[in-house]
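In the working numbering, the protein residues as written are 59 to 383.
Following this line, the structure appears as structure tokens:
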């Protein structure tokens, strides 16, 4: 029997098959390759990873440096409330004016509540927004109208005023213990951010689903009798991965800045939980005479939020095939 390669080419010389056949890639794989080539995204990812590890191992770091965020060093503070010692190996960032608490320990421990609030709220709001958008776009009818009305209602409510009204009420349900009150405030902020934060993603997912549900692969799935659950999670959801990841990457820095701002205003986290926002509030009175007190949390928030925003922009560009970085 003749060699098929000879029949196809019409030549007596056999043609070897290609050594590296072309492999198809999913949009997610293409986006990850673009991210790996983006130097700004890599640098930002390293910075974010540093702060994540700082929050995870905060207790171990303070134990290794023999520092504590709540221990008072009144003997190292003068009669005017200013520290009598400079930053050293014992106190790398110096001491807090008036109370004498270690600023390095409070800086390290302050990264944890900020990231807990931001990541928890971003994860919950992403799940809510995706679920609501899928249901509204796919089912349509009264479900779409009800969810759209709910989104409009949530967007019309002022977040700050709601925090002012909601947090004290929830706090009054629990004991007056400082630790309990601080935890209640932390998870109250998570709940408020999640409830108010899903609306943007819900609208985006709804619009995408309205477009995708008329495509041929969705019609084919309906024709063969695929259940609604399978169509939503196996056919529609994979096509929304890019939008969901972009929303999640941009929501985290927004929530970090919001938590710091609310703590600065006095309606966020309270003692004994260290918070960068509350530290900035306390440091304003000493800015001219003891600026290191202010710049430690301020620079941490600036660097972390900037890195997360730039990383979010890089992720958005990587999943958008019309952009080139």
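We put the beta carbon where it would ideally sit given N, CA and C, even for glycine.
### Query
Taking Cβ to Cβ, would you say residue 206 is nearer than 8 Å to residue 194?
yes
### Task
Using DSSP bridges, identify the partner residues of residue 369.
According to DSSP, residue 369 bridges with nothing at all.
### Query
What did DSSP end up calling residue 135 once you bin it into helix, strand or coil?
strand
#### Entry: Where residue 126 falls: helix, strand or coil (DSSP)
coil
### Message
Suppose you measure from the CA of residue 214 to the CA of residue 92; what does that come to, to the nearest Å?
### Response
38 Å
### Task
Select from 163, 220, 253 the residue whose C-alpha is nearest the C-alpha of residue 121.
163
#### Entry: Completely contained alpha helix (DSSP H) runs for the segment 185-245, where each covers 4 or more residues
Residue ranges of uninterrupted alpha helix (DSSP H) with 4 or more members, entirely inside the segment 185-245 and ordered along the chain, are 199-214, 217-230.
### Message
Quick check on DSSP: helix, strand or coil for residue 160?
### Response
In the structure shown, residue 160 sits in a strand (DSSP, three-state: E or B).
### Query
residue 165: which of 273, 113, 98 sits nearest, CA to CA?
113
#### Entry: Run of the alpha helix (DSSP H) containing residue 110, from where it starts to where it stops
97-114
### Query
According to DSSP, is residue 153 helix, strand or coil?
strand
### Task
Could you have a look at residue 332 and say whether DSSP puts it in helix, strand or coil?
DSSP, read as helix, strand or coil, puts residue 332 in coil.
### Message
On the DSSP bridge list, what partners appear for residue 141?
### Response
135
### Query
On the premise that residue 259 lies in contact with residue 187, defined as a C-beta separation below 8 Å, what is that separation, rounded to the nearest angstrom?
3 Å
#### Entry: Counted within 10 angstroms of its Cβ, other Cβ atoms place residue 149 as buried (16 or more) or exposed
With 16 or more Cβ atoms within 10 Å of its Cβ, residue 149 is classed as buried.
### Message
Once DSSP output is grouped into helix, strand and coil, what is the label at residue 264?
### Response
Helix.
### Task
Please name the residue in 105, 137, 262, 221 whose C-alpha comes closest to that of residue 242.
The candidate whose alpha carbon is nearest that of residue 242 is 221.
### Task
Mind the definition here: the segment 256-276 touches the segment 143-157 only if three or more C-beta pairs lie below 8 Å; say whether that holds.
no
#### Entry: Rounded C-alpha distance that separates residue 279 from residue 272
11 Å
#### Entry: Simplified DSSP assignment, three categories, for residue 283
coil
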